Amino acid sequence: MPLISDIAEVRMGYHFRGRVQEEPGGNALVLQIRDVDEDGRFDPEALTPMEIPNLPNHALSAGDAVFLARGARRYAFLFDAVSHDNIVPAGYFMVLRANHERVRPGYLAWAINQDRFQALIDSVSAGTAVPQITKSNLTRLSIDVPDLQTQDRIAAIDSLMKRERTLMQHLTDRRSALLRAAARGADD
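Numbering follows our numbering, with no gaps: position 151 of the sequence shown is 160.
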């Protein structure tokens, strides 16, 4: 099994001195833990604008796997917001740019989220209150990498499952709204 360093370039998110402060008119949108769910869904309009020097060196690109390296649940997601070239992940994220000849980014994000790899992450994480994994420890972990066709199938199924979860949540929300509206009508 190859190491993460064999199949992807890994870099840290942008390190801010102090808190992330909104700077209206800033050239970048900052992606923070609170902005994204485990499926990688976020609203670009809700991100904090800031001025980031050397933006191209820090911005996410479509196809990057973004990994939350700190906290009780460390997970990865595929960044696919192709219409946004100015989103910068905060320092507790790592960005994995896959070597496309060896691994597909969607598969890489999926594989990182699997129990076996999560157990490896737990085994090399430091900290008790807020566990975290360092870049050097992450890059030294080995990961299952099947052939590219299998990776494509796994990534496609994973993407469909995430889409299904999103649609089911929308359906649940709509049903709840209808029920509340019906209850209000019954009170009149």
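Note that the Cβ used here is the ideal one computed from N, Cα and C, for glycine as well.
Note that the structure is a prediction, hence the values are computed from the model and not measured.
- Annotation for Phe-102: the continuous beta strand (DSSP E) segment containing it runs 102-107.
- Residue nearest to Leu-157 within the set Leu-87, Ala-107, Thr-148 and Thr-181 is Ala-107 (criterion: CA-CA distance).
- Runs of beta strand (DSSP E) with 3 or more residues, each lying fully within the segment 84-139, are found at 85-87, 96-98 and 102-107, listed in chain order.
- Sequence-distant partners of Arg-125 (beyond 5 residues in either direction) whose C-beta falls short of 8 Å from its own C-beta, in its chain, are Asp-153.
- Burial of Leu-129 is indicated by the presence of at least 16 other C-beta atoms within 10 angstroms of its C-beta.
- Ranked by how close their Cα comes to the Cα of Phe-25, the residues Glu-173, Gln-41, Pro-33 and Ile-16 have Gln-41 in first place.
- Between the C-alpha atoms of Met-170 and Phe-102 there is a straight-line separation of about 24 Å.
- The C-alpha of Val-75 lies about 10 Å from the C-alpha of Arg-20.
- Looking only at Gly-22, Gly-27 and Ala-71, the smallest Cα-Cα distance to Ala-78 is reached by Gly-22.
- Excluding five sequence positions before and after Thr-175, the CB atoms of its chain that fall closer than 8 Å to its own CB belong to Asp-48 and Arg-50, given in chain order.
- Asp-15 has its alpha-carbon roughly 28 Å from the corresponding atom of Val-45.
- Look at the beta carbons and you see the segment 88-99 touching the segment 28-41: at least three pairs across the two are nearer than 8 Å.
- Burial check for Thr-57: the Cβ neighbour count within 10 Å reaches 16 or more, so the residue is buried.
- With respect to the 9 Å criterion, Ser-151 and Leu-12 are classified as neighbours on the basis of their beta carbons.
- Restricted to the segment 134-184, the alpha helix (DSSP H) segments that are unbroken, complete and at least 4 residues in length are 144-148, listed in chain order.
- Rounded to whole angstroms, the gap between the alpha carbons of Asp-89 and Gly-194 is 42 Å.
- For Pro-65, the uninterrupted alpha helix (DSSP H) run begins and ends at 64-67, by DSSP.
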